[in-house]
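J.: Before anything else, here's the structure in question.
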Amino acid sequence: MEEENNEMKSFKDLGLSELLVEACDNLGWKTPLKIQIEAIPLALQGKDVIGLAQTGSGKTGAFALPILHALLEAPRPNHFFACVLSPTRELAIQISEQFEALGSGIGVKCAVLVGGIDMVQQSIKIAKHPHIIVLDEADRLLNEDFEESLNEILGMIPRERRTFLFSATMTKKVEKLQRVCLRNPVKIEASTKYSTVDTLKQQFRFLPAKHKDCYLVYILTEMAGSTSMVFTRTCDATRLLALILRNLGLKAIPINGHMSQPKRLGALNKFKSGDCNILLCTDVASRGLDIPAVDMVINYDIPTNSKLQDYIHRVGRTARAGRSGVAISLVNQYELEWYIQIEKLIGKKLPEYPAQEEEVLLLEERVSEAKRLAATTN
1 MEEENNEMKS
11 FKDLGLSELL
21 VEACDNLGWK
31 TPLKIQIEAI
41 PLALQGKDVI
51 GLAQTGSGKT
61 GAFALPILHA
71 LLEAPRPNHF
81 FACVLSPTRE
91 LAIQISEQFE
101 ALGSGIGVKC
111 AVLVGGIDMV
121 QQSIKIAKHP
131 HIIVLDEADR
141 LLNEDFEESL
151 NEILGMIPRE
161 RRTFLFSATM
171 TKKVEKLQRV
181 CLRNPVKIEA
191 STKYSTVDTL
201 KQQFRFLPAK
211 HKDCYLVYIL
221 TEMAGSTSMV
231 FTRTCDATRL
241 LALILRNLGL
251 KAIPINGHMS
261 QPKRLGALNK
271 FKSGDCNILL
281 CTDVASRGLD
291 IPAVDMVINY
301 DIPTNSKLQD
311 YIHRVGRTAR
321 AGRSGVAISL
331 VNQYELEWYI
341 QIEKLIGKKL
351 PEYPAQEEEV
361 LLLEERVSEA
371 KRLAATTN
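Going letter by letter, the sequence shown gives residues 1 to 378 in the UniProt record's numbering.
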């Protein structure tokens with residue numbers, strides 16, 4: 001089966017309709033990615049599918065294309081056809097946009113229901129009978145307190161349905177969700193449990209906590225002009241670091257869960273358009289953001305023991321769809337144990353980022369002044 005799949009070279013080979021093959025071509029999708037090669041034929045056979053693949057490996061196309069193919073075969077213009085649950089508001093919007101782009105030839109209609117947007121407007125969207133509804137509740141699906149609501153959702157939708165579950169990792173919570181939602185699913189693994197792609201260059205730098213800001217500025221300056229995502233542990237840190245970097249003449253913008261929906265989307269659009277090339281973010285942004293070309297990920301704060309899997313999702317923002325990328329983790333004396341656990345998780349020892357500390361500390365005076373100014377305006 002593996003050998004047969006590897007011979008497939010086009011979306012047409014997967015059994016998709018000519019309209020969808022043409023839509024893929026219009027979007028610049030010349031050949032299907034591994035998860036799409038594995039998942040789409042099974043989905044077209046009517047099977048429930050669990051797909052495990054790294055962030056940026058084409059999971060959205062792996063479920064969107066079979067849904068649109070089924071809609072083409074059995075159009076129901078006045079009925080909801082599919083409901084998609086996603087982990088963040090931004091991803092819900094991006095999934096909707098991808099459905100509409102792929103389904104432009106058949107006039108597919110999507111409604112995005114998210115918090116922070118006027119409910120009257122969303123009710124109007126529902127009244128228009130969209131083919132596909134996209135919800136941003138999947139993060140809560142994995143929490144025990146949402147189990148009652150999940151049962152209610154499952155009770156409202158037909159028993160005779162197809163369910164697709166896609167994730168970067170297979171945790172115990174995801175396994176539980178699988179047991180509740182899917183019937184005799186086919187499991188596809190386009191990645192090992194905690195793998196990262198081969199085109200990703202991963203490094204770390206062990207440093208004193210007091211010098212972390214200097215190292216951050218040094219690395220961003222060395223990679224001037226590159227698109228970078230910098231992950232922090234708190235919302236306040238994204239705001240403060242963005243101010244510090246802007247005071248130093250760098251084009252940085254924060255995005256975090258405390259921002260209003262319009263501000264988050266505005267920040268994301270500035271980053272995607274190139275107005276800002278450095279995005280400071282919390283883990284709300286580490287999953288699902290549709291940013292096709294990030295050159296570098298910096299873990300300013302590495303994930304804590306209870307959230308080690310976030311490392312996989314963070315670094316999955318770069319080296320996507322066959323491109324190369326760099327991920328650098330800044331590790332201070334208080335984070336060393338967490339870093340050791342990350343190396344165990346990914347099964348490899350990472351090389352140290354090369355930098356002469358004396359050269360880095362030449363920035364100390366400028367960085368201190370930028371921090372002082374940021375503290376007065378934050």
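Heads up, the beta-carbon is just placed ideally off N, CA and C, and yes, glycines get one too. Note that the structure is a prediction, hence the values are computed from the model and not measured.
State the CB to CB distance for the pair K59 and I35, rounded to an integer number of angstroms; the pair is presumed to be in contact (CB under 8 Å).
T.: 6 Å
J.: If we require 3 or more residues per run, which beta strand (DSSP E) segments fall completely within the region 318-357?
T.: 325-331
J.: Have a look at E100, S86, Q98 and flag the residue whose alpha-carbon is nearest the alpha-carbon of G115.
T.: Checked all of E100, S86, Q98; the closest Cα to G115 is S86.
J.: Between which two residues does the alpha helix (DSSP H) containing P254 stretch?
T.: Run containing P254: none in the alpha helix (DSSP H); it sits in the beta strand (DSSP E), 252-255.
J.: Could you give the distance in angstroms between the alpha-carbon of Q309 and the alpha-carbon of I188?
T.: 20 Å
J.: Tell me where the alpha helix (DSSP H) around N26 begins and ends.
T.: 18-26
J.: When the Cα atoms are used, what is the spatial distance from E97 to L243?
T.: 32 Å
J.: To the nearest angstrom, report how far apart A319 and V230 are at their CA atoms.
T.: 15 Å
J.: Please determine, among N247, I291, M223, the residue with the shortest C-alpha to C-alpha distance to A375.
T.: N247
J.: Could you check the C-alpha separation between F206 and P351 for me, to the nearest Å?
T.: 11 Å
J.: Taking DSSP as the reference, what is the three-state secondary structure of G51?
T.: strand
J.: Using a 10 Å radius around the Cβ and a threshold of 16 neighbouring Cβ atoms, would you call M156 buried or exposed?
T.: Per the 10 Å Cβ criterion, exposed.
J.: When burial is assigned at 16 or more other CB atoms within 10 Å of the CB, is V367 buried or exposed?
T.: buried
J.: DSSP three-state call for M296: helix, strand or coil?
T.: strand
J.: I need the boundaries of the beta strand (DSSP E) containing I106, first residue and last residue.
T.: From DSSP, I106 is part of no beta strand (DSSP E); its letter is neither H nor E.
J.: Tell me the DSSP secondary structure of K30 in three-state form.
T.: Looking at K30 - three-state DSSP - the assignment turns out to be coil, as it is neither helix nor strand.
J.: Quick check: what's the CA-CA separation for L362 versus D213?
T.: 12 Å
J.: Leaving out five residues before and five after E359 in sequence, what residues of the same chain have Cβ atoms less than 8 Å from its Cβ?
T.: Y218
J.: Does DSSP put Q309 in a helix, a strand or coil?
T.: coil
J.: Between L265 and N332, what straight-line distance do the alpha-carbon atoms span, to the nearest angstrom?
T.: For L265 and N332, the distance between alpha carbons rounds to 32 Å.
J.: Kindly indicate which three-state DSSP category V230 falls into: helix, strand or coil?
T.: strand
J.: Under the DSSP definition of a beta bridge, which residues are partnered with Q98?
T.: According to DSSP, Q98 bridges with nothing at all.
J.: Grouping DSSP H, G and I as helix and E and B as strand, with all else coil, what is V174?
T.: helix
J.: CA-CA distance, L102 and L33?
T.: 16 Å
J.: Classify Q203 as helix, strand or coil using the three-state DSSP reduction.
T.: strand
J.: For P185, tell me which candidate among R323, F11, L52, E337 has the shortest Cα-Cα distance.
T.: Nearest C-alpha to P185: L52.
J.: If L330 and I278 are in contact, beta carbons under 8 Å, what's the gap, nearest whole angstrom?
T.: That belief does not hold up - the Cβ atoms of L330 and I278 are roughly 15 Å apart, past 8 Å.
J.: On the three-state DSSP scale, how would you describe L279?
T.: strand
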